[in-house]
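Participant: Please see the structure below; I have some questions.
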Amino acid sequence: MQLYLLDYGTGNVRSVINAIKQTGYDLKYITHPSDFAKADKIIFPGVGAFGNAMKRLQELGLKDELIKYIKANRPFMGICVGMQVLFNGSDESDEAGLGIINGYVKKFKKTKAVPHIGWNQTTNVKESDILGDNRFYFVHSFAATVTDMELQDWCLSLTTYGDETFISSVCRGNVFATQFHPEKSGRAGIELIKKFIEAPLHEPTTQTIPFNPPKDGLTKRIIACLDVRSNEQGDLVVTKGDQYDVKQDGNVRNLGKPVELAKRYFLEGADEVTFLNITSFRDCPLEDTPMLQVLKQTSESVFVPLTIGGGIRSIQQPDGTVVSALDVAGEYFRSGADKVSIGSDAVYIVQDYLKGNKGSNTISDISQKYGAQAVVISVDPKRVYVKEPNNHTTIKPAKKGPNGEEYCWYQCTVKGGREARDVDVVQLTSICELLGAGEILLNCMDHDGTNNGYDIELINMVKKAVQIPVIASSGAGKPEHFTQVFNETGVEAALAAGIFHRNEVSIQQVKEHVARDYPIRL
Ligand code: 1PR
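Below, the structure is given as structure tokens:
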């Protein structure tokens, strides 16, 4: 059996390759239209945006052969955009799809946070050897709904997000595709890929189970964060600051090795892992960036989404050439990142935007090429107390300032909190959303490393300002803090670092506590 992977050269396909390797099977790559004839099975991991995927298939001369291959009912598995392109088209682009399924992919209504990011439940509407009801990792803003008989014929499972039920997988004969990412869905996902590889050939099947919309099963996400930098001995270590100060007695705190810790958190049930390169403002040639190696190694054994932050900006190489931020991000995606997080550059972009410069920028560029879901904005705000409301979004906090100030606003910083800018969190996050960001990672310099709980007032302010998912960060000290932040702010995810690194609280303990009130992947 010869398995082929159809890679059209954008986004993170490393994870799919690693997931296939994990099943014990080998793969080859479709690089030429003649390769289709040699393939027994094809996996098409569509990553990025719909229009870009279709354009690349056309440019590589693969589109027509792919259509012929699928219409001949030869074994095919599409993933995410690899499923969406089977349809006639999508709200995301004017490019036509492959036209295999006579239906259309639509944008989610903004009655809930969009993109839909996280672990949600699939419910089968057909008997299937390949897919049972299970929880898988989704990340998308567009989806197909069951609108007519043709789609019912294709629909294998349904999933509900908020007020919308959409098709989470399709199957007809030997053509199978998922809206979710099996390669990012832990053990359940690896098993699914293995089943596709080992499945015997099938004839088209018909619907057997009634179409009842399932309940929304989206879980709250618990994310482990690793701040990474070199220590005095030159070793790359996971460190952790108190209010961003990572040194103790003059030395960088060393809490472990990045790849080993990430693996530990995956095995302990983290829903995602985030790496932040906290000394990224120092210049370093792109090929020497140590985080690229960390990602490559981590993605070999960690099958949940990986975010990389720190240094997503243009880089001047030693020979004077400049690598654009878009190309830097591309290098991270190819090394195994599913999302990149932009910190300092997001503040500079918003400052420019406020001055009236609304031209192209890193956020829109990455979003257009790789999809909004791949662009996270990491915010490093500091609370500033004032006597009177000023021109920034100001609140009256529960506790007054040190000099009896009744108001405060949250000022954005750059370079890991080293410099403050005249931009507040509401300006930053709402403008970044407008420019194409898909998620906010909301740190808080005042609460970082304190173990006193999240800054609920800050998080509420940002949550109200944007429609995209928000990850609460900084200050978690016990499982109750996670439940509290979900209850009091409605955020989609909560991140912690210190308590996990110091083994004070386990991811399992956090999840068991949150599971009392919310769906959670245990
Ligand atoms: O500006 O795009 O190069 O990105 C730099 C990235 O590095 C930003 O995401 C910034 O948040 C991060 N960073 C820079 N310096 C530090 C530092 O600590 N000295 N990390 C730093 C700060 C805090 C979180 C931490 C949470 C949870 N990030 O990483 O994990 O606060 O901690 P806790 O649970 O222990 O309280 P760019």
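Positions 1 to 522 (full-length UniProt numbering) are the ones given, in order, by the sequence shown.
Glycine is no exception: its CB is placed at the ideal position from the N, C-alpha and C atoms.
Let me know if N212 comes out buried or exposed under the rule of 16 or more other beta-carbons within 10 Å of its beta-carbon.
Facilitator: Exposed.
Participant: Please report how far the alpha carbon of K30 lies from the alpha carbon of W154, in whole angstroms.
Facilitator: The question names Lys, but residue 30 in the sequence shown is Ile. Those two C-alpha atoms are separated by around 26 Å.
Participant: According to DSSP, is D448 part of a helix, a strand, or is it coil?
Facilitator: D448 falls in the coil class under three-state DSSP.
Participant: Considering only C-alpha positions, which residue in the set N361, F108, L435, V302 is nearest to G184?
Facilitator: It should be noted that the sequence gives Lys, not Gly, for residue 184. Of the candidates N361, F108, L435, V302, the one whose C-alpha sits nearest the C-alpha of K184 is V302.
Participant: I'd like the span of the beta strand (DSSP E) that includes A496, first residue to last.
Facilitator: Counting along the chain, the beta strand (DSSP E) containing A496 begins and ends at 493 to 496.
Participant: Grab the span of the beta strand (DSSP E) containing I349 for me, first residue to last.
Facilitator: Note, I349: premise wrong, no beta strand (DSSP E); alpha helix (DSSP H) at 344 to 354.
Participant: Report buried or exposed for H32, applying the criterion of at least 16 other Cβ atoms within 10 angstroms of its Cβ.
Facilitator: Per the 10 Å Cβ criterion, exposed.
Participant: What are the residues that DSSP puts in a beta bridge with W154?
Facilitator: Per DSSP, none; premise fails for W154.
Participant: With a CB to CB cut of under 6 Å and the five nearest residues on each side skipped, what residues in its chain are close to V16?
Facilitator: Counting only Cβ-Cβ distances below 6 Å, and skipping sequence neighbours, we find P45, E183.
Participant: Quick one: what does DSSP say F482 is sitting in, helix, strand or coil?
Facilitator: Note: F482 maps to helix in three-state DSSP.
Participant: Please report the Cβ distance between V470 and V485, rounded to the nearest whole angstrom; I am assuming they are in contact, meaning their Cβ atoms lie under 8 Å.
Facilitator: Not a contact, Cβ separation roughly 10 Å.
Participant: Once you ignore the five residues that flank T483 on each side, which residues in its own chain have a CB closer than 7 Å to its CB?
Facilitator: Around T483: H513, V514, D517.
Participant: According to DSSP, which residues form a beta bridge with H181?
Facilitator: Its beta-bridge partners are Y137.
Participant: How many whole angstroms separate the CB atoms of A325 and T279, which I take to be in contact at a CB cut-off of 8 Å?
Facilitator: The pair is not a contact, with the Cβ atoms about 18 Å apart (cut-off 8 Å).
Participant: Write down the C-beta distance between E272 and I223 rounded to the nearest angstrom, noting that I regard them as a contact closer than 8 Å.
Facilitator: Their Cβ separation, rounded to whole angstroms, is 5 Å, which keeps E272 and I223 in contact under 8 Å.
Participant: Looking at the secondary structure, which residues open and close the alpha helix (DSSP H) in which A476 lies?
Facilitator: From DSSP, A476 is part of no alpha helix (DSSP H); its letter is neither H nor E.
Participant: Any heavy atom of the ligand 1PR inside 6 Å of the beta-carbon of residue 535?
Facilitator: A question about residue 535 goes unanswered here, because the residues of the chain that appear run from 1 up to 522.
Participant: Report the rounded CA-to-CA distance for Q351 versus S169, giving the unit in angstroms.
Facilitator: Straight-line Cα distance between these residues: approximately 42 Å.
Participant: Tell me the DSSP bridge mates of P381?
Facilitator: Partner(s): C412.
Participant: Since N503 and S473 should fall inside the 8 Å C-beta cutoff, what is the C-beta to C-beta distance between them, to a whole number of angstroms?
Facilitator: Rounded, the Cβ-Cβ distance is 20 Å, inconsistent with contact.
Participant: Between the C-alpha atoms of F136 and Y161, what's the straight-line distance to the nearest angstrom?
Facilitator: Taking the straight line from one Cα to the other gives about 13 Å.
Participant: Report the rounded CA-to-CA distance for A96 versus K369, giving the unit in angstroms.
Facilitator: If I take the Cα positions, the gap works out to 17 Å.
Participant: Quick one: using the 10 Å Cβ neighbour count with 16 as the cut-off for buried, is S314 buried or exposed?
Facilitator: Result: exposed.
Participant: Smallest Cα separation from D319: which of L292, D283, L522?
Facilitator: Checking every option, the nearest Cα to that of D319 belongs to D283.
Participant: Specify whether the region 171 to 178 and the region 72 to 88 touch according to this definition: at least 3 beta carbon pairs, one from each stretch, less than 8 Å apart.
Facilitator: Short answer: they touch.
Participant: From S335 to K296, what distance separates their C-alpha atoms?
Facilitator: Cα to Cα, S335 sits roughly 5 Å from K296.
Participant: So, are the CB atoms of I208 and I520 less than 7 Å apart?
Facilitator: Checking the sequence shown, residue 208 turns out to be Thr, not Ile. In this structure, I520 does not lie closer than 7 Å to T208 by Cβ.
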